[in-house]
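S.K.: Mind having a look at this structure? Questions to follow.
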Amino acid sequence: MEQPEAPGVGTSAGLRDFYENPAVPVASGDARSRRQARLLAGVLDRPGALVLDVGCGDGTAAATAGPVLAGHRIVGVDWSQDALRRARPRMSAVVRGELDDGGLPFADGCADAVLFSEVVEHLVDPDGALDELRRVLRPGGHLMLSTPNLAAWYNRAMLLAGRQPVFSEVSLRGIHGRPGTEVVGHLRLFTARALRSFLTSAGFEDVRISGAPFHGVPRGLRLVDRAACAVPSAASILLAHARRR
112 MEQPEAPGVG TSAGLRDFYE NPAVPVASGD ARSRRQARLL AGVLDRPGAL
162 VLDVGCGDGT AAATAGPVLA GHRIVGVDWS QDALRRARPR MSAVVRGELD
212 DGGLPFADGC ADAVLFSEVV EHLVDPDGAL DELRRVLRPG GHLMLSTPNL
262 AAWYNRAMLL AGRQPVFSEV SLRGIHGRPG TEVVGHLRLF TARALRSFLT
312 SAGFEDVRIS GAPFHGVPRG LRLVDRAACA VPSAASILLA HARRR
């Protein structure tokens, strides 16, 4: 899918303008959202749990997860007014919130689970964001996080060939040195080992990481991509499940 070049974004205000651009993708694949929802449904131990979809985007992921999480309450949270406008028809409740200290409009320890799907790679301050997610989660509450894998099987080959890895970006105005045409604003990238260490240091425990395929892999390589999920450290997408200490 072609995407227009993003406007210049050298400042925090510029980043906000970038993410308010309706052309910037705000949803991950349905299959990945459904898989995360199944993982979460398997660990929620009481009906009527409060699940916060932080960085809900246009609500597509929550709409996909909804049937799997029937009986639980999903609230969409995003700071983008444009994303919330698009999410409202798909979700029963949406609120505006930010990931700085106290920026989520929820009481301490109120949430049973947080869905944090492909958000962390876009953040200037991921440490502060994890602190805020931990604040709103009850002790033992569940964090379901997904993010692209810097060490995906094809990225290892690309680095050996001297190419820029997929998912990484050196500019928010265009693509340089890697395949693809979409500028999506990735500022941080994780390997499986780095993600596990990051979550543990942020106050989470029982970190489990699995792999998921990436919908952007060329059709002829999709079987390989699905097979790579058996080794999460080489998969395209990292799915992390952790509990708040």
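Residue numbers (the working numbering): 112 to 356.
We put the CB at the ideal spot given by N, CA and C, even for glycine.
1) Just the Cα atoms here: how many angstroms apart are LEU150 and ARG284?
2) For ASP336, does the count of other Cβ atoms within 10 angstroms reach 16, so buried, or fall short, so exposed?
3) Three or more C-beta pairs under 8 Å: does that hold for the region 256-276 against the region 300-310?
4) Which of the three DSSP states is assigned to MET269 in this structure?
5) Roughly how many angstroms lie between the CA atoms of ARG196 and VAL277, to the nearest whole one?
6) With 16 other CB atoms within 10 Å as the buried threshold, where does GLY192 fall?
7) Which runs of the beta strand (DSSP E) spanning at least 3 residues fall entirely within the region 216-261, listed in chain order?
8) Between ARG354 and the rest of its own chain, which residues show a CB-CB distance below 8 Å, the 5 nearest in sequence each way excluded?
9) Measure how close the beta-carbons of VAL247 and LEU215 come, nearest whole angstrom, since I'm counting them as under 8 Å.
10) Could you please give the first and the last residue of the uninterrupted beta strand (DSSP E) stretch that includes SER321?
11) Along the chain, which unbroken stretches of the alpha helix (DSSP H) at least 4 residues long are found entirely within the region 164-226?
12) In this structure, how does DSSP classify VAL335 when only helix, strand and coil are distinguished?
13) Distance check for ALA198 and THR175, CA to CA, integer angstroms please.
14) Compare the C-alpha of ARG249 against each of LEU332, GLY140, VAL162 and name the closest.
15) Spatial neighbours of ARG207 within its chain, please: CB distance less than 8 Å, with the 5 preceding and 5 following residues excluded, ordered by chain position.
16) Given this structure, state the Cα-to-Cα distance separating GLU232 from LEU334, to the nearest angstrom.
17) Going along the chain, which residues of its own chain have a beta-carbon closer than 8 Å to the beta-carbon of GLY291, five neighbours each way excluded?
18) Who are the Cβ neighbours of ARG307 in its own chain at under 7 Å, not counting the five residues just before and after it?
M.R.: According to the structure data:
1) 36 Å
2) buried
3) yes
4) helix
5) 30 Å
6) Inspection of the sequence shows that residue 192 is occupied by Gln rather than by Gly. Burial call: exposed.
7) 222-228, 248-259
8) GLY251, GLY252, HIS253, LEU254, PHE315, GLU316, ASP317
9) 5 Å
10) Its beta strand (DSSP E) spans residues 315-323.
11) Every alpha helix (DSSP H) stretch that sits fully inside the region 164-226 and reaches 4 residues is listed by chain position as 171-176, 192-198.
12) helix
13) The alpha-carbon atoms of THR175 and ALA198 are separated by roughly 12 Å.
14) VAL162
15) The answer, listed in chain order, is VAL188, ASP189, TRP190, GLN192, LEU195, PRO216.
16) GLU232 and LEU334 have their C-alpha atoms spaced approximately 26 Å apart.
17) VAL277, GLY327
18) Excluding sequence neighbours, ARG307 sits near VAL318, ILE320.
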